[in-house]
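Chains as they are written, first to last, in our numbering: chain A, 111 to 646; chain B, 2 to 314.
In this text, a Cβ means the ideal position worked out from N, Cα and C, and glycines have one as well.
As structure tokens, the structure follows; a few thoughts come after it.
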Amino acid sequence: MLTRAKNPRLWLATAILAAAGSIGAPGALAQQKEKVLRAAMHADVRTVDPFWTTQTIAAIHGLMVYDTLFSSDINLDPKPQMVDTWTVSPDRKVYTFKLRDGLKFHDGTAVTSKDVVASMNRWGKRDGAGKQLMGYTKSLTAKDAKTFEWALTEPYGLLIDILAKTGTSIPFVMREKEALVDAFTQIQEVVGSGPFMFKRDEWVPGSKTVYVKFKDYAPRKEPASGHAGGKVVKVDRVEFIWLSDTQTAQSALVAGEIDYLENPAIDFLPILKKTPGVKLESHPAMGTMGILQLNHLHPPFNNVKARQAMLYLINNADYLNTIAADESLQTLCFSFFGCGVSMETDAGSEPYKGAKNLARAEQLFKEAGYKGEPITILQATDHQYITPANLVMIQQLRKASFLKLDVQAMDWGSVVSRRAKKEAPAQGGWNIFITGTTVVTSSSPITHTSIGMGCDKAWFGWPCDKRFEDLRQEWAFAPDLAARKKLAVELSKRAYDQVPYISFAQWRNPVAFRSDRLTGVQTMPSVPPMWNIDKK
Amino acid sequence: MTAYIVRRLLATIPVMAVVALFVFLLLHLTPGDPAAVIAGDDASPADVEAIRRKLGLDLAIWQQFIIYVGNLLRGDLGTSIFSNLPVLTLVKQRLEPSLVLAVSTLVIAIALAVPMGVLAAWKARSWIDRVVMGFSVLGFAVPVFLIGYLLIYVFAIELRWLPVQGYRPLSQGIDQTARSILLPAIALSMVYMALIARMTRASMLEVLSEDYIRTAHSKGVSTIVVLLRHALKNAAVPIVTVIGIGLTLLISGVVITETVFNIPGLGRLTVDAILKRDYPIIQGLIILFAGAKVLVNLLIDISYVFFDPRIRY
């Protein structure tokens, strides 16, 4: 009989077999049993504090880990999430909320009103809508472990809507410990009460972010709908894989290496449409809107006539055809508040909608005192849609031979730095840059940061118009939807008169996923939910 | 030799100091603001300013430089502005994929390019020489991303033999690592194969015309022994130099290959940090890359002694 001691070859064979068997044997078995949802998102999770930045990816990360008091359902209507019941005083100034039973943080401690109060205070220092809400807040106090009271100085009608907001800077509930950290300092620990737990030890910024199911999460009884309803987690683990190359991302989906692609490049959609087992879906309010931002501090655009002149030069449809050639993704939208949403209105857009009129534009520029000074354009050269939009704009403006353009090419990182400069263009400032926003953010005049005309407090470009700001305030206090719609029309007319910026194009980017493996995928604008998804 | 090595190592100190100063100034004098990137598009200018203050980016450049040098002297490369993770932790996360990719690429390149170069020199001006040199021209001319996409299409999408993207660490098994690294290593090795094959051919041609090679032939030494023992060893100095430079380039800057194949290496870490203006990461990485370059150059110089006994330090 051969023994290993007598036969070195047998030793070798045994060692090889043992090594082969040990290659991740327990791990491989666990992997087979474990349901892992692999998703490539539009950006990489680089910061784990969802209040520290307004980046959408931080909101997506936040929605995985943290829970919210209210959430938007699939129709974008607010619904209670952590809140069980609430009452409103007859004068609509005092809201009393009660948290539902069974809410726990990932460290096992119960969620209390103190955590909520501290979280809302921290969020209210960073988010635009939150800041406004806090401006009307008289007090926010924890009455007992599960009850808290929000007292307002005025009957501000948007409290519940803002608490249910989606998009960026969502009001998440953190532990009091983290919520007491200064709002401009990033938190260190990520302990939420949401349906997934963040795996810090597996986090590789720039590559992969891992979440595991929070087994003690108590979902609501209602069926999942958007961000609302029961957040029932049906997979064990979610991996956000950062695939910066769009070609590789679509190849990985086609090959089945990832299950979900949040933001497939529009150029690759025809390939994905034809791929068996891959499905494309989008929410009606999903989409991006272009912003051609004008600097109101310096000539020529410190004069309203020069800004109005731009409406006669810019052709909305050209941007759509360049950025999203597929007509099914396009919306020729002339609404500052987005199209396909309740505040949609094109009131006052006639100069923009009509035929382009170089002579009228030239006349208006002359009336604005323009004498051929260089117009400094910050041209980002490394952005998926801003780069082509810049090229379209430059081409359109070059048709106006009376304009002298100073096109300065740079990366997007330089644009975001340069746009903050208030100096004159010749001293390092600027006249025009292009950016974008989401339809869901634009759909409310309050959350739509870039439409604000609060002068020094306004967004980059610093538009300044008291009448418009008064109308925004009126909108926030409007008693019902009909009144808000009426005010949206007035806001739109005023915006087209003052031209804080020029809105161009609205296009949708559907999500793509492996429909042969996944069920229960829900689409939501900007921040897709990862619960309710099951994997075969 | 020991004195030479010590001298060379001491000489790296002023080199690193100059690199640190240069990188710091370059980063802080070029446009870009990490606070604006962190704050995001919907942030107000006031919020951007508040973040800038919190991060100490509003301090004078000389104050920021003193803090940076102080940390550096304590061995602290800093903390990422975005992720709040120490730069060293981020480097450790990325080191293995970069090293595995670099070594695999060089192994493939050397294993194929050196014999190709030797063969081309031996059969100079024959069709074999032309094929090898034609391949070299292609290796230089075809962009690595194109080779990458072609390899992905054929071997990952159509044949399904290998994965499209991603890196499997060695802890998951060497077979898994090999599967994940094979396509990027092949794609990346093309240009190095071209470079090493051309260098080997040129160097071999020079050596093959030497008198001692003719003597070896006339003494009846076999061609293979003449080529490998007498010629290749004496032609090795420029080849080793090219391989050494290739190694440092591979570790620090293969961002396109890393991006196409989604390999979480140091190249992508560097470029992502530059795009986001994550100053501590950029500064830390450049210091480390400079150190690696100095070290590899030293090793190359030392290796000359083994290939050419006439060289003495």
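About 6 Å separates the Cβ atoms of A:V550 and A:T276, confirming a contact at the 8 Å cut-off. The three-state secondary structure of B:R180, taken from DSSP, is helix. In this structure, DSSP gives A:E299 a state outside helix and strand, which the three-state scheme calls coil.
With 16 or more neighbouring CB atoms inside 10 Å of its own CB, A:V525 falls in the buried class. B:R54 is classed as exposed because its beta carbon has fewer than 16 other beta carbons within 10 Å across all chains shown. Per the C-alpha coordinates, the member of A:P638, A:K645, A:D644, A:V451 positioned closest to A:G336 is A:P638. Counting along the chain, no alpha helix (DSSP H) covers A:E437, and no H or E run does either. When DSSP states are grouped into helix, strand and coil, B:G71 belongs to the helix group. For A:S249 against A:A239, the beta-carbon gap comes to about 19 Å, at or over 8 Å, which does not count as contact. By the Cβ criterion, the stretch 212–228 of chain B is not in contact with the stretch 137–156 of chain B, since fewer than three pairs of Cβ atoms, one from each stretch, lie closer than 8 Å.
If you draw a straight line from the Cα of A:K344 to the Cα of A:Y176, it comes to about 17 Å. In this structure the stretch 378–398 of chain A does not lie against the stretch 277–292 of chain B, because fewer than three pairs of beta carbons, one per stretch, are closer than 8 Å. When the beta-carbon positions are compared, A:S223 and A:G458 stay at least 8 Å from each other. Listed by position along chain A, the residues whose Cβ is nearer than 9 Å to that of B:R269 are G316, S317, S354.
When secondary structure is reduced to three states using DSSP, A:P188 falls in the strand class. Per DSSP, B:P98 is one residue of the alpha helix (DSSP H) stretching across 88–123. Of the candidates B:F262, B:M2, B:I301, B:F262 places its Cα closest to the Cα of B:L147. At the C-beta level, B:L233 and B:M205 come within 8 Å of one another. Using a C-beta cut-off of 8 Å, the stretch 130–138 of chain B makes contact with the stretch 185–199 of chain B, since at least three inter-stretch Cβ pairs fall below that distance.
Not a single C-beta of chain A is nearer than 8 Å to the C-beta of B:I109. Every beta strand (DSSP E) of 3 residues or more that sits fully in the stretch 242–302 of chain A is shown, in chain order, as 247–252, 257–262.
Here A:W569 is buried: its Cβ has 16 or more other Cβ atoms, across all protein chains shown, within 10 Å. Taking 8 Å as the upper bound for CB-CB distance, B:V256 and B:G268 are in contact here, some 4 Å apart. Approximately 7 Å separates the beta-carbon atoms of A:R594 and A:M453; this is inside 8 Å, confirming the contact.
About 7 Å separates the beta carbon of A:R624 from that of A:L363, a gap short enough to meet the 8 Å contact definition. The straight-line gap separating the alpha-carbon atoms of A:P333 and A:K341 is approximately 8 Å. Between A:Q506 and A:I424, the alpha-carbon positions lie close to 6 Å from each other.
Leaving aside the five residues that flank A:V517 on each side, the residues in its chain whose CB is nearer than 7 Å to its CB run, in chain order, I487, Q489, I504. Judged by pairs of C-beta atoms under 8 Å, the stretch 252–260 of chain A does not touch the stretch 565–582 of chain A, as fewer than three such pairs exist.
The stretch 60–79 of chain B and the stretch 42–50 of chain B do not touch, with fewer than 3 CB-CB distances between them shorter than 8 Å. By DSSP's assignment, B:V241 forms no beta bridge with any residue.
Membership of A:T547 in the beta strand (DSSP E) is indicated by the continuous run 542–548.
Listed in chain order, the non-local C-beta contacts of A:F215 below 7 Å within the same chain comprise V221, R285, V301, G302, S303, local neighbours out to five positions each way being set aside. Between the alpha carbons of A:G450 and B:V19 lies a distance of about 58 Å. Contact residues of the stretch 166–200 of chain B toward chain A are Q166, G167, Y168, S172, Q173, G174, I175, D176, Q177 (C-beta to C-beta distance below 9 Å). In the structure shown, the three-state DSSP call for A:Q494 is coil.
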